[in-house]
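J.:
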Amino acid sequence: MDARKAVDDVFRAEYGRVLATLIRQVGDFELAEDAVQDALAAALRHWSRGIPQNPGAWITTTARRKAIDRLRRDANYAHKLEALQYLVRLQKDDDVELSESAIGDDQLKLIFMCCHPALAPEVRVALTLRTLGGLTTPEIAKAFLTSESTMAQRIVRAKRKIKSAGIPYVVPDDRQLPERLGAVLAVIYLIFNEGYRASYGDEVVREDLAAEAIRLGRLVCHLMPNEPEAVGLLALMILHHARREARSGADGSLVLLPDQDRSLWDRRAIAEGAALVSRAMEMGDRGPYQVQAAIAAIHAEAQAAEHTDWREITALYAELQLMMPTPVVALNRAVAVAMARGPEAGLQIMAELADDLDGYHLFHSARADLFRRLGRVEDALACYRRAIELAGNEAERAFLASRVRELSE
12 MDARKAVDDV
22 FRAEYGRVLA
32 TLIRQVGDFE
42 LAEDAVQDAL
52 AAALRHWSRG
62 IPQNPGAWIT
72 TTARRKAIDR
82 LRRDANYAHK
92 LEALQYLVRL
102 QKDDDVELSE
112 SAIGDDQLKL
122 IFMCCHPALA
132 PEVRVALTLR
142 TLGGLTTPEI
152 AKAFLTSEST
162 MAQRIVRAKR
172 KIKSAGIPYV
182 VPDDRQLPER
192 LGAVLAVIYL
202 IFNEGYRASY
212 GDEVVREDLA
222 AEAIRLGRLV
232 CHLMPNEPEA
242 VGLLALMILH
252 HARREARSGA
262 DGSLVLLPDQ
272 DRSLWDRRAI
282 AEGAALVSRA
292 MEMGDRGPYQ
302 VQAAIAAIHA
312 EAQAAEHTDW
322 REITALYAEL
332 QLMMPTPVVA
342 LNRAVAVAMA
352 RGPEAGLQIM
362 AELADDLDGY
372 HLFHSARADL
382 FRRLGRVEDA
392 LACYRRAIEL
402 AGNEAERAFL
412 ASRVRELSE
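Right, here's the structure in full:
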């Protein structure tokens, strides 16, 4: 393995762990991040002569030293003397490693800092990906379809906001936890959704984003095992991700759920996801992630599309709609109703959603599919064409165009 590849691998695996620990030690987000970047740059120079046996530990030790160097160079470092003295004590025994529980606790604090309500939602996602996910600014910019400079400015402004507003590096107390945990889970799910169904680009699935969201979900569940919605979200992501290999063809084309080769589904992941659903439901206090995970489990455990229990799914969507009375949830319930009771029943519900969802391509593609099943070709074609206009992902556009060709012929 060459030095560049080794540094890239460590950046992905260790960046969030090292950064979280340094933030606790120096109490300064930007100082900690600069020290980690200095350590990675040093690794590129030194590892060309040989990669250390434990690259992660090397980065951690070097980052500590770089933080000390930066504090000493700071002309106004007197107010940081306590942090400097603490780091110097650490430097005297670089072989002492932090326990996994200490590292995990630091990472959890960093997640809550990045997801503070004072930060805009889109900034929370970007900052979480940057600090805990080990994604570079160009990669995040690509995921959000914006320029690298724009994304860099957003991240810089977010870090300044953290400093100026005094956003604490702590896990909230029990009174604040429900609101703050909700923000954390929402950010993780947004990251997963962009990976599971890429909004733009050529790929159906962006496995890097989906896998990173699952890693963050596991971290939250490991550190907060008694939070049923955290467990529910982890189950939901694992169950969806278990189908990743079947969601696109060899040519990258989109394959819908009923047409997927279920032998490609990851049965071990499905078993894990189903067990997590049961665990979350046993905790009580049912929430939206638990219900969505239960729906995903029914899909995943059906041996064939025709064996799917659509009546149970319809009932779960009705429950979900009471929790989340949004047009998108209503659309999903309409699709389930159509599968359980027939296309006409689904179209009746969808007709009530036209004003809210006219700009949503999946609304038009869902209607198109029901019109197609009823033999209403012209209505189906009009809906498919509208969906193509609105879709941003090239694989989805290609699939919808193939439907238009089939009906036109």
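420 is the number that this note's numbering gives the last residue of the sequence shown; the numbers go up by one with no jumps. Glycine included, each C-beta is placed from N, C-alpha and C at the ideal position. For clarity, every value in this text was computed on a predicted model and none was experimentally measured.
(1) Let's test the definition: count the other Cβ atoms within 10 Å of the Cβ of residue 223 and tell me whether it reaches 16, buried, or not, exposed.
(2) Per DSSP, which one or two residues make a beta bridge with residue 259?
(3) Buried or exposed: residue 299, going by 16 or more other Cβ atoms within 10 Å of its Cβ?
(4) Given this structure, state the Cα-to-Cα distance separating residue 112 from residue 246, to the nearest angstrom.
(5) To the nearest angstrom, how far is the alpha carbon of residue 404 from that of residue 341?
(6) Under three-state DSSP, which class holds residue 404?
(7) Which full runs of the alpha helix (DSSP H) of 4+ residues lie inside the segment 285–362, going along the chain?
(8) State the Cα-Cα distance for the pair residue 376 and residue 254, rounded to the nearest angstrom.
(9) Between which two residues does the alpha helix (DSSP H) carrying residue 375 extend?
(10) Give the range of the alpha helix (DSSP H) segment to which residue 204 is assigned.
(11) Can you tell which of 391, 237, 248, 239 has its C-alpha closest to the C-alpha of residue 227?
(12) Can you tell me which of 347, 415, 352 puts its alpha carbon nearest to the alpha carbon of residue 379?
(13) Taking 8 Å as the threshold (C-beta atoms), are residue 118 and residue 31 in contact?
(14) Assess contact between the segment 365–376 and the segment 395–410, defined as three or more Cβ pairs (one per stretch) separated by less than 8 Å. Is contact present?
(15) From which residue to which residue does the alpha helix (DSSP H) around residue 55 run?
(16) Assuming residue 139 is part of the alpha helix (DSSP H), what are its boundary residues?
(17) Should residue 107 go down as buried or exposed, given a rule of 16 or more other Cβ atoms within 10 Å for buried?
(18) Classify residue 428: buried if its beta carbon has 16 or more other beta carbons within 10 angstroms, exposed otherwise.
(19) If you draw a straight line from the alpha carbon of residue 114 to that of residue 28, how long is it in whole angstroms?
T.: With the given structure in hand:
(1) For the purposes of this step, residue 223 is taken as residue 212 along the sequence shown, with counting starting at 1. By the 10 Å Cβ count, residue 223 comes out buried.
(2) Reading the sequence shown from its first residue, position 248 is the one you call residue 259. The partner list for residue 259 (beta bridge, DSSP) reads 265.
(3) Working through the sequence shown from its first residue, we reach residue 299 at position 288. Flag for residue 299 reads buried.
(4) By 1-based counting over the sequence shown, the position of residue 112 is 101. By 1-based counting over the sequence shown, the position of residue 246 is 235. Reliability of the predicted coordinates at residue 112 is poor, the pLDDT of 45 falling under 50, and no value is obtained from them.
(5) As a position in the sequence shown, residue 404 is number 393, starting the count at 1. As a position in the sequence shown, residue 341 is number 330, starting the count at 1. Their backbone Cα atoms lie some 23 Å apart in a straight line.
(6) Stepping through the sequence shown from its first residue, residue 404 is reached at position 393. Strand at residue 404.
(7) 299–312, 321–334, 338–352, 354–362
(8) For this step, residue 376 is matched to residue 365 along the sequence shown. For this step, residue 254 is matched to residue 243 along the sequence shown. For residue 376 and residue 254, the distance between alpha carbons rounds to 21 Å.
(9) As a first step, residue 375 must be located in the sequence shown, where it is residue number 364. Element bounds for residue 375: 372–384.
(10) Indexing the sequence shown from 1 puts residue 204 at position 193. Element bounds for residue 204: 188–207.
(11) Counting from 1 along the sequence shown, the entry for residue 227 is found at position 216. Cα-wise, what sits closest to residue 227 is 248.
(12) Position 368 of the sequence shown holds residue 379. The shortest Cα separation from residue 379 among 347, 415, 352 belongs to 415.
(13) In the sequence shown, the residue the question calls residue 31 occupies position 20. In the sequence shown, the residue the question calls residue 118 occupies position 107. Yes. Within cutoff.
(14) yes
(15) For the purposes of this step, residue 55 is taken as the residue at position 44 of the sequence shown. Per DSSP, residue 55 belongs to the alpha helix (DSSP H) from 40–57.
(16) Taking the sequence shown and counting its residues from 1, the one referred to as residue 139 is at position 128. Per DSSP, residue 139 belongs to the alpha helix (DSSP H) from 132–142.
(17) Numbered from 1 along the sequence shown, position 96 holds the residue referred to as residue 107. Residue placement at residue 107 cannot be trusted, given a pLDDT of 45 that sits under 50; what the coordinates show is reported in the next sentence. So residue 107 counts as exposed.
(18) Any question about residue 428 goes unanswered here, given that the chain covers just 12 to 420.
(19) Position 103 of the sequence shown, counted from the start, is the residue given in the question as residue 114. Position 17 of the sequence shown, counted from the start, is the residue given in the question as residue 28. Low confidence applies here, because residue 114 scores a pLDDT of 46, under 50, leaving its location unreliable and the question unanswered by this model.
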